[in-house]
Amino acid sequence: MANEDPAILTKALESLLVEKGLVTSGRIDEIVKSYEEDIGPMRGAQVVAKAWVDPEYKARLLVDGRSAIAEFGFTDPHGAELVVTENTDDVHNMVVCTLCSCYPWAVLGLPPAWYKSFAYRSRAVSEPRTVLKEFGLELPESTEVRVLDSNSDIRYMVLPKRPAGTDGMSEEELAGIVTRDSMIGVGEAVCP
Amino acid sequence: MDQSVDNAVSNMPEEIAIPRVNGELVFESPWEARVFGLAVALHEQGAFEWKIFSQSLTDEIASAEKEGESSSYYERWLRALHHVTTGQDLLATREIVDRTKEVQDQADHEHDDHGHDHPHHHHE
Chain A
1 MANEDPAILT
11 KALESLLVEK
21 GLVTSGRIDE
31 IVKSYEEDIG
41 PMRGAQVVAK
51 AWVDPEYKAR
61 LLVDGRSAIA
71 EFGFTDPHGA
81 ELVVTENTDD
91 VHNMVVCTLC
101 SCYPWAVLGL
111 PPAWYKSFAY
121 RSRAVSEPRT
131 VLKEFGLELP
141 ESTEVRVLDS
151 NSDIRYMVLP
161 KRPAGTDGMS
171 EEELAGIVTR
181 DSMIGVGEAV
191 CP
Chain B
1001 MDQSVDNAVS
1011 NMPEEIAIPR
1021 VNGELVFESP
1031 WEARVFGLAV
1041 ALHEQGAFEW
1051 KIFSQSLTDE
1061 IASAEKEGES
1071 SSYYERWLRA
1081 LHHVTTGQDL
1091 LATREIVDRT
1101 KEVQDQADHE
1111 HDDHGHDHPH
1121 HHHE
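Residue numbers (the working numbering), protein chains in the order written: chain A, 1 to 192; chain B, 1001 to 1124.
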């Protein structure tokens, strides 16, 4: 197995599983296309923007993330829980999956390569503030940094702080300033 | 012809610094997209609980990192899926070996067919 061309083995597995009626190639096409084109951080950004402007939505989001994002029609294909944690001046949350790559696909799409790297997975837990500094985020000592370890049952998303100077912005404009990194907790949303 | 995108980043060894690529691709090559979609579609159709696959992936990553292997994320994903399909009795090891050989032979044959300026013989 170690020496096989992965493209060859993948093709072999797909052809066998299709023949046995366990999947269809068409559905695989659709799934690939949706994650390449449609499902990505813009979804999470919409959720964040709504939470910023609508306190009742924010309350629902923090209590039951999965139901709240379902209001947008966003659902996780694995049926995992989604817990949304709020960043404040006192607490900065940062998300990792130390064992593999668990990530809130429904609101962020597929994780970036760095999120899956051994370096991030180990260092986010052992030296979070150093890692944040490397991402360009330096927090005061008075802010507690909390690292949330995702697993296949629970995925996390961060609700970043709403930056100052954004009072006049529409929900759509606000969604435009929410970055993927801020929803993982390695960055902050910034007023343009 | 295979459309694989050559990308040095996907083969970069793990470093202490966190590797970051701006505008990274969702998938580095078509087979990665395919093996991803295959796992998700199988789960969706009820072939296995996601937890089973997730655990297998965790195990592959752990053993690869312990051995210091430079395999990529999706190579480990593929191994995990291979493991789950046999472990869950969806496929037999033998048929995977046989089909892999057929696919390889087909690929070799197609490769040989290109770029020849002289006739060669087919044996059906």
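C-beta: ideal position from N, C-alpha, C; glycine also.
Please read all numbers here as calculations on a predicted model, not as lab measurements.
Using the beta-carbon count (16 or more within 10 Å), is residue 1106 of chain B buried or exposed? The residue labelled residue 1106 of chain B in the question sits at position 106 within the second sequence. Flag for residue 1106 of chain B reads exposed.
According to DSSP, residue 149 of chain A sits in a beta bridge with which residue or residues? To locate residue 149 of chain A, count along the first sequence from 1; it is residue 149. Partner(s): A:96.
In chain A, which residues lie less than 7 Å from residue 1045 of chain B when you measure between Cβ atoms? By one-based count along the second sequence, residue 1045 of chain B stands at place 45. Neighbours of residue 1045 of chain B on chain A, chain order: 22 and 23.
Could you give the distance in angstroms between the alpha-carbon of residue 1047 of chain B and the alpha-carbon of residue 1029 of chain B? Position 47 of the second sequence, counted from the first residue, corresponds to residue 1047 of chain B. Position 29 of the second sequence, counted from the first residue, corresponds to residue 1029 of chain B. Cα to Cα, residue 1047 of chain B sits roughly 25 Å from residue 1029 of chain B.
Let me know if residue 1109 of chain B comes out buried or exposed under the rule of 16 or more other beta-carbons within 10 Å of its beta-carbon. Counting from one through the second sequence, the residue named residue 1109 of chain B turns up at place 109. Burial call: exposed.
Any chain A beta carbon closer than 9 Å to residue 1087 of chain B: Along the second sequence, read from residue 1 onward, the residue named residue 1087 of chain B stands at position 87. No, no contact with chain A.
Looking at the structure shown, is residue 69 of chain A part of a helix, part of a strand, or coil, going by DSSP? Stepping through the first sequence from its first residue, residue 69 of chain A is reached at position 69. Here residue 69 of chain A sits in helix by DSSP.
Against chain A, which members of the stretch 1035 to 1061 of chain B pass a CB distance test of less than 8 Å? 1035, 1036, 1037, 1038, 1040, 1041, 1042, 1043, 1044, 1045, 1047, 1050, 1051, 1054, 1055, 1057, 1058 and 1061
Can you list, in chain order, the residues of its chain with a C-beta nearer than 6 Å to that of residue 61 of chain A? Leave out the 5 residues immediately preceding and following it. Numbered from its first residue, the first sequence carries residue 61 of chain A at position 61. Correct list, in chain order: 51, 68 and 84.
Start-end ranges of the alpha helix (DSSP H) lying completely within the stretch 9 to 40 of chain A, minimum 4 residues: 25 to 33
Chain A contact for residue 1029 of chain B (CB, 9 Å cutoff): The residue you call residue 1029 of chain B lines up with position 29 of the second sequence. Yes, residue 1029 of chain B lies at the interface with chain A (some Cβ there is under 9 Å from its Cβ).
In whole angstroms, give me the CA-to-CA distance for residue 120 of chain A and residue 131 of chain A. Numbered from its first residue, the first sequence carries residue 120 of chain A at position 120. Numbered from its first residue, the first sequence carries residue 131 of chain A at position 131. Distance between the alpha carbons of residue 120 of chain A and residue 131 of chain A: 8 Å.
Cα-Cα separation, residue 191 of chain A to residue 166 of chain A: To locate residue 191 of chain A, count along the first sequence from 1; it is residue 191. To locate residue 166 of chain A, count along the first sequence from 1; it is residue 166. So the two alpha carbons sit approximately 7 Å from each other.
In chain A, what lies closer than 9 Å to residue 1109 of chain B by C-beta? For the purposes of this step, residue 1109 of chain B is taken as residue 109 along the second sequence, with counting starting at 1. Within chain A, no residue comes near residue 1109 of chain B; the closest Cβ sits about 13 Å away, beyond 9 Å.
Note down the Cα distance separating residue 227 of chain A from residue 39 of chain A, rounded to an integer number of angstroms. Summary: the structure shown does not reach residue 227 of chain A, with chain A confined to residues 1 through 192, and so no result is reported for it.
What residues from chain A crowd round residue 1144 of chain B, counting only those whose CB sits closer than 8 Å? Residue 1144 of chain B lies beyond the range of chain B shown here (1001 to 1124); nothing can be said about it.
C-alpha gap between residue 141 of chain A and residue 95 of chain A, whole angstroms: Start at 1 with the first residue of the first sequence, and residue 141 of chain A comes out as number 141. Start at 1 with the first residue of the first sequence, and residue 95 of chain A comes out as number 95. Between residue 141 of chain A and residue 95 of chain A, the C-alpha separation is close to 19 Å.
Using a Cβ-Cβ distance cut-off of 9 Å, determine whether residue 151 of chain A contacts chain B. Looking up residue 151 of chain A in the first sequence gives position 151. Yes, residue 151 of chain A counts as interfacial toward chain B.
Hey, does residue 1021 of chain B have any beta-carbon neighbour from chain A nearer than 9 Å? Within the second sequence, numbered from 1, the residue matching residue 1021 of chain B stands at position 21. Low confidence applies to residue 1021 of chain B: its pLDDT is 45, below 50, so where it sits in the model is not reliable, and the reading given next is rough at best. Chain A, which has a Cβ nearer than 9 Å to the Cβ of residue 1021 of chain B, makes this yes.
I need the DSSP call for residue 177 of chain A, collapsed to helix, strand or coil. Translated into positions along the first sequence, residue 177 of chain A becomes position 177. In the structure shown, residue 177 of chain A sits in coil (DSSP, three-state: anything other than H, G, I, E or B).
Just to confirm the assignment: which complete beta strand (DSSP E) runs, minimum length 3, are found wholly within the stretch 1043 to 1096 of chain B? none
State the start and end residues of the unbroken beta strand (DSSP E) segment that holds residue 85 of chain A. By 1-based counting over the first sequence, the position of residue 85 of chain A is 85. Residue 85 of chain A -> beta strand (DSSP E) spans 81 to 86.
Output the distance between the C-alpha atoms of residue 1020 of chain B and residue 110 of chain A, rounded to the nearest integer angstrom. One-based indexing of the second sequence puts residue 1020 of chain B at position 20. One-based indexing of the first sequence puts residue 110 of chain A at position 110. Unreliable positioning characterises residue 1020 of chain B in this predicted model, as indicated by a pLDDT of 48, which lies under 50. The coordinate reading is nonetheless provided below. The straight-line gap from Cα to Cα measures roughly 15 Å.
Alpha-carbon to alpha-carbon, residue 175 of chain A and residue 181 of chain A: Along the first sequence, read from residue 1 onward, the residue named residue 181 of chain A stands at position 181. Along the first sequence, read from residue 1 onward, the residue named residue 175 of chain A stands at position 175. So the two alpha carbons sit approximately 14 Å from each other.
Sequence-distant residues of its chain with Cβ nearer than 8 Å to residue 1088 of chain B (five each side left out): Locating residue 1088 of chain B in the second sequence gives position 88, where the first residue counts as 1. Within the same chain, residue 1088 of chain B has close Cβ partners 1047, 1048 and 1052.
By the 10 Å Cβ neighbour count, where 16 or more other Cβ atoms means buried, how is residue 63 of chain A classified, buried or exposed? For the purposes of this step, residue 63 of chain A is taken as residue 63 along the first sequence, with counting starting at 1. The residue is exposed, with fewer than 16 neighbouring Cβ atoms inside 10 Å.
Going by DSSP, what residues sit across from residue 156 of chain A in a beta bridge? Position 156 of the first sequence holds residue 156 of chain A. DSSP lists A:83 as partners of residue 156 of chain A.
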